[in-house]
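Okay, structure first, notes after.
Residue numbers (UniProt numbering): 1 to 120.
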(Lines of atoms letter the chains of each structure in order from A and count residues from 1; the text may use other names and numbers.)
(Lines give C-alpha, C1' and ligand atoms only; values in the text may rest on other atoms or scores of the structure.)
Protein backbone atom coordinates (compact mmCIF):
# COMPACT_ATOMS: atom_id res chain seq x y z
CA UNK A 1 0.00 0.00 0.00
CA UNK A 2 1.39 3.39 -1.02
CA UNK A 3 1.65 5.92 1.81
CA UNK A 4 0.95 9.55 0.89
CA UNK A 5 1.83 12.44 3.20
CA UNK A 6 -0.58 15.30 2.53
CA UNK A 7 0.77 18.65 3.75
CA UNK A 8 -1.70 21.54 3.72
CA UNK A 9 -3.06 24.00 6.27
CA UNK A 10 -6.59 23.75 4.75
CA UNK A 11 -8.24 21.05 6.85
CA UNK A 12 -11.31 20.73 4.59
CA UNK A 13 -9.11 20.22 1.55
CA UNK A 14 -7.06 17.60 3.42
CA UNK A 15 -10.18 15.72 4.54
CA UNK A 16 -11.59 15.66 1.01
CA UNK A 17 -8.38 14.50 -0.69
CA UNK A 18 -7.66 12.01 2.11
CA UNK A 19 -11.09 10.39 1.72
CA UNK A 20 -10.65 10.08 -2.04
CA UNK A 21 -7.18 8.57 -1.75
CA UNK A 22 -8.25 6.11 0.93
CA UNK A 23 -11.09 4.90 -1.30
CA UNK A 24 -8.41 3.96 -3.83
CA UNK A 25 -6.39 2.00 -1.24
CA UNK A 26 -3.78 4.65 -0.41
CA UNK A 27 -2.65 5.11 3.18
CA UNK A 28 -2.80 8.84 3.95
CA UNK A 29 -0.98 10.83 6.62
CA UNK A 30 -1.78 14.52 7.14
CA UNK A 31 0.43 17.36 8.36
CA UNK A 32 -0.79 20.94 8.58
CA UNK A 33 2.58 22.72 8.47
CA UNK A 34 6.13 22.28 7.27
CA UNK A 35 7.66 21.33 10.63
CA UNK A 36 5.07 18.58 11.20
CA UNK A 37 5.64 17.37 7.66
CA UNK A 38 9.39 17.05 8.18
CA UNK A 39 8.82 15.06 11.37
CA UNK A 40 6.41 12.77 9.49
CA UNK A 41 8.96 12.22 6.71
CA UNK A 42 11.58 11.18 9.27
CA UNK A 43 9.21 9.07 11.37
CA UNK A 44 6.90 7.47 8.78
CA UNK A 45 8.98 7.45 5.56
CA UNK A 46 6.02 8.09 3.20
CA UNK A 47 6.27 6.94 -0.41
CA UNK A 48 4.94 10.23 -1.79
CA UNK A 49 4.40 13.77 -0.45
CA UNK A 50 1.77 16.26 -1.62
CA UNK A 51 2.92 19.68 -0.39
CA UNK A 52 1.04 22.99 -0.42
CA UNK A 53 3.18 25.90 -1.53
CA UNK A 54 1.67 28.55 0.77
CA UNK A 55 1.40 27.71 4.48
CA UNK A 56 1.92 29.63 7.70
CA UNK A 57 5.31 29.25 9.30
CA UNK A 58 7.66 27.32 7.06
CA UNK A 59 6.41 27.74 3.50
CA UNK A 60 6.37 25.05 0.86
CA UNK A 61 9.62 25.95 -0.92
CA UNK A 62 11.69 25.66 2.25
CA UNK A 63 9.85 22.49 3.26
CA UNK A 64 10.49 21.01 -0.20
CA UNK A 65 14.21 21.73 0.00
CA UNK A 66 14.51 20.22 3.46
CA UNK A 67 12.55 17.12 2.40
CA UNK A 68 14.86 16.70 -0.58
CA UNK A 69 17.84 16.68 1.78
CA UNK A 70 16.18 14.12 4.08
CA UNK A 71 14.98 11.75 1.35
CA UNK A 72 16.21 12.75 -2.12
CA UNK A 73 14.45 9.88 -3.93
CA UNK A 74 11.01 10.57 -2.40
CA UNK A 75 8.65 12.19 -4.93
CA UNK A 76 7.17 15.49 -3.71
CA UNK A 77 4.26 17.02 -5.63
CA UNK A 78 3.73 20.73 -5.02
CA UNK A 79 0.17 22.08 -5.06
CA UNK A 80 -1.33 25.51 -4.64
CA UNK A 81 -4.58 27.34 -5.08
CA UNK A 82 -3.22 30.75 -4.24
CA UNK A 83 -4.25 33.69 -6.34
CA UNK A 84 -0.81 35.11 -5.85
CA UNK A 85 1.16 36.84 -8.56
CA UNK A 86 3.65 34.80 -10.56
CA UNK A 87 1.99 31.54 -9.51
CA UNK A 88 3.10 29.57 -12.57
CA UNK A 89 6.64 30.90 -12.16
CA UNK A 90 6.67 29.65 -8.56
CA UNK A 91 5.45 26.22 -9.64
CA UNK A 92 8.27 26.12 -12.21
CA UNK A 93 10.76 27.03 -9.48
CA UNK A 94 9.37 24.19 -7.33
CA UNK A 95 9.99 21.73 -10.16
CA UNK A 96 13.49 23.16 -10.55
CA UNK A 97 14.08 22.47 -6.85
CA UNK A 98 13.16 18.84 -7.32
CA UNK A 99 9.37 18.62 -7.15
CA UNK A 100 8.17 15.55 -9.05
CA UNK A 101 5.24 17.56 -10.41
CA UNK A 102 2.75 20.31 -9.65
CA UNK A 103 -1.01 20.70 -9.46
CA UNK A 104 -3.10 23.80 -9.16
CA UNK A 105 -6.14 23.79 -6.88
CA UNK A 106 -8.93 22.97 -7.15
CA UNK A 107 -8.27 19.35 -8.06
CA UNK A 108 -9.73 16.00 -7.06
CA UNK A 109 -8.17 12.95 -5.49
CA UNK A 110 -8.47 11.27 -8.90
CA UNK A 111 -6.45 14.10 -10.51
CA UNK A 112 -3.75 13.57 -7.89
CA UNK A 113 -3.78 9.79 -8.37
CA UNK A 114 -3.31 10.22 -12.12
CA UNK A 115 -0.29 12.46 -11.49
CA UNK A 116 1.24 10.07 -8.95
CA UNK A 117 0.68 6.97 -11.08
CA UNK A 118 1.99 8.68 -14.22
CA UNK A 119 5.36 9.10 -12.48
CA UNK A 120 5.59 5.44 -11.35
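Heads up, the beta-carbon is just placed ideally off N, CA and C, and yes, glycines get one too.
Item, Value
"Alpha carbon to alpha carbon, what distance is there between residue 74 and residue 115?", "15 Å"
"Measuring alpha carbon to alpha carbon, tell me which of 109, 59, 118, 49 ends up nearest residue 15.", "109"
"By a C-beta neighbour count over all protein chains shown, 10 Å radius and 16 as the cutoff for buried, is residue 106 buried or exposed?", "exposed"
"Considering residue 15, what are the terminal residues of the alpha helix (DSSP H) in which it resides?", "11 to 23"
"Please return the same chain residues whose Cβ sits closer than 6 Å to the Cβ of residue 91, not counting the five positions on each side in sequence.", "102"
"For residue 194, list the residues DSSP reports as bridge partners.", "Outside the displayed span of the chain (1 to 120) sits residue 194, for which this structure offers no information."
"Go through its chain and collect everything with a Cβ distance to residue 32's Cβ below 6 Å, but skip five positions before and after it.", "9"
"Determine whether the beta carbon atoms of residue 7 and residue 52 lie at a separation below 8 Å.", "yes"
"Are there 16 or more other CB atoms within 10 angstroms of the CB of residue 1, so buried, or fewer, so exposed?", "exposed"
"So, is residue 112 buried or exposed, given that buried needs 16 or more other C-beta atoms within 10 angstroms?", "buried"
"What would DSSP say about residue 153, mapped onto helix, strand or coil?", "One cannot answer for residue 153 here, as it falls past the ends of the chain, which runs 1 to 120."
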